[in-house]
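The working numbering applies: residue -17 is where the sequence shown begins, and numbers increase by one.
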Amino acid sequence: MIRMNRSFGPFCRVLLLLLAAALFPAGAEAHAAASSAGRAEDTAAQEIAEEEPDVKRIVLGHVGDSYEWHIATAGGREWSLPLPVIVHSPSSGWHCFSAKRLRGGAEYEGLRIAADGDHAGKIVERQADGSDLRPLDLSITKTVAGLLLNSALVVALVLGAARWYRGRKPDAAAPRGVVGLFETLVESLVDDLIEPCVGPSYRRFAPYLLTVFCFIFLNNLMGLIPFFPGGANVTGNIAVALVLAVATFLVVNLSGSRHYWKDIFWPDVPTWLKVPVPIIPLIELVGVFTKPFALMIRLFANMLAGHAVILSLTCVVFVTVKMGAAVNASMTALSVLFSIFMNCLELLVAFLQAYVFTMLSAVFIGLAQERGGEADAGAEK
């Protein structure tokens, strides 16, 4: 047995040498191919590293709307949640499908997401003459999905607090946790804000004002969360701010007293300022529309600017890569510090914007509820 093993060893070595000699050209080619591929990957990685980040695209991509909800980027792949696309075209009718079919500029059922032009980032349909038609778009975009999610959270919070009070006796212990915090918030808003600004009829408008505050505040907080399901810029969207302003506009003017409308169309000013040219009534009438407009712009601009500043500070880390290790390290440290400061400031702004919107809405409602008092009595005499 030992003799057999000794004779088998040299044979195996010779066989391995022959196999290596036969496969050497292929191995050399494979090694060369692998080396070439490695150099190509290194070159591509170097080119990617040398590319300057498009700060404008990054900022606008976050604060803007989209048909997918970006979750994370891992392993060179973007993970996102495709949302439902619901559009109606005059030529082809209704379309309902997943936004996944439109990724990468793909076209599905004649529809695609425009890359440039007046409808950039929106779904368009190519017509027979080569032009793009913007169909009626009822899609569930990122802003709409965030709006629905945050609205559900507000409803769950309010109903959860209301459920705690059911069956509780007046002498029961005070609530704790989220319910206790919610009770303190509501009491402070009603006692310190709504009642003083609206007046005797504050209970009539308290539900609307409390709903507006909770909705704006929760959406502001969710917009500051940098990961899914947060990050949707709901209150920084002009359409959402417009709807909130229109709601206040309707509440103010539909509930306005006779004295409120009299002060608009026939204010207590010298007659020559009212006839023959109604100068003051025109100014007062314009003020009816500028008040909700100011509410819309204030909320929209403040929340949009906060998101844009935080993202711009974060991009400083990548913009200064080419400036050397020392500059990049120092700017990274400053970027992190300022980003933390801005996030803390945005927490304060999230509350202040909800508080200011609610306060101004309460003030406008209170002004519309004035009955005239002594002025009306003197007019009747």
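Where a beta carbon is used, it is the ideal one built from N, C-alpha and C, also for glycine.
Linking I292 to A223 through their CA atoms gives a straight-line distance of about 21 Å. Boundaries of the alpha helix (DSSP H) harbouring W243: 240 to 247, taken from the DSSP string. Residue burial annotation: L329 is exposed, with fewer than 16 other C-beta atoms found within 10 angstroms of its C-beta. DSSP places I198 in the uninterrupted alpha helix (DSSP H) bounded by 184 to 206. A contact between stretches requires three or more CB pairs, one per stretch, nearer than 8 Å, and the segment 112 to 120 meets this requirement with the segment 68 to 75. Per DSSP, the beta bridge partners of L63 are W51.
Rounded to the nearest whole angstrom, the C-alpha separation of P64 and A81 is 5 Å.
By the Cβ criterion, the segment 121 to 136 is in contact with the segment 198 to 216, since at least three pairs of Cβ atoms, one from each stretch, lie closer than 8 Å. For T272, the closest C-alpha among the options L334, A227, A154 is that of A227. Excluding its 5 nearest sequence neighbours in each direction, W146 has C-beta neighbours in its own chain below 8 Å: P157, V161, listed in chain order. The C-beta distance from F187 to V180 rounds to 5 Å, short enough to fall under 8 Å. Burial is judged here by how many other beta carbons sit within 10 angstroms of a residue's own beta carbon; Q109 has fewer than 16 and is exposed. A residue is called buried when at least 16 other Cβ atoms come within 10 angstroms of its Cβ; K124 meets this threshold and is buried. Taking 8 Å as the cut-off, the beta carbon of T217 is found closer than this to the beta carbon of M285.
In the structure shown, E107 adopts extended strand secondary structure according to DSSP, grouped into three states. If you compare the alpha carbons of L295, D245, A283 with that of R353, the shortest gap goes to D245. With fewer than three CB-CB distances shorter than 8 Å, the segment 225 to 239 does not count as touching the segment 311 to 331. If you draw a straight line from the Cα of T230 to the Cα of P252, it is about 31 Å long. With fewer than three CB-CB distances shorter than 8 Å, the segment 340 to 350 does not count as touching the segment 296 to 308. Residue state for A102 is assigned as coil, using DSSP reduced to three classes.
The DSSP-derived three-state label of I122 is coil. In its chain, beyond the 5 residues on either side, S74, E107, R108 have a beta carbon closer than 7 Å to the beta carbon of G92. According to the DSSP secondary-structure assignment, S80 is paired through a beta bridge with P66. For I95, the enclosing beta strand (DSSP E) stretches over residues 93 to 95. CA-CA distance, A287 to V301, rounds to 20 Å. For S73, the three-state secondary structure derived from DSSP is coil. Where Y337 is concerned, the enclosing alpha helix (DSSP H) starts and stops at 307 to 350.
CA-to-CA, the gap between V140 and L163 works out to about 12 Å.
Within the same chain, Cβ atoms closer than 7 Å to the Cβ of V41 are found at A290, L293, S294, the five residues on either side in sequence being excluded. The alpha-carbon of L264 is positioned some 8 Å away from that of F247. Between S121 and I68 the beta-carbon gap is near 5 Å, inside 8 Å, which marks them as a contact.
Contact annotation: A102 and A96 have beta-carbon atoms nearer than 8 Å.
As the crow flies, the alpha-carbon of K256 is around 26 Å from that of L232. P189 has its alpha-carbon roughly 16 Å from the corresponding atom of T166. If you compare the alpha carbons of G149, S312, Y184, K104 with that of G43, the shortest gap goes to K104.
The continuous alpha helix (DSSP H) containing L42 extends over residues 37 to 45.
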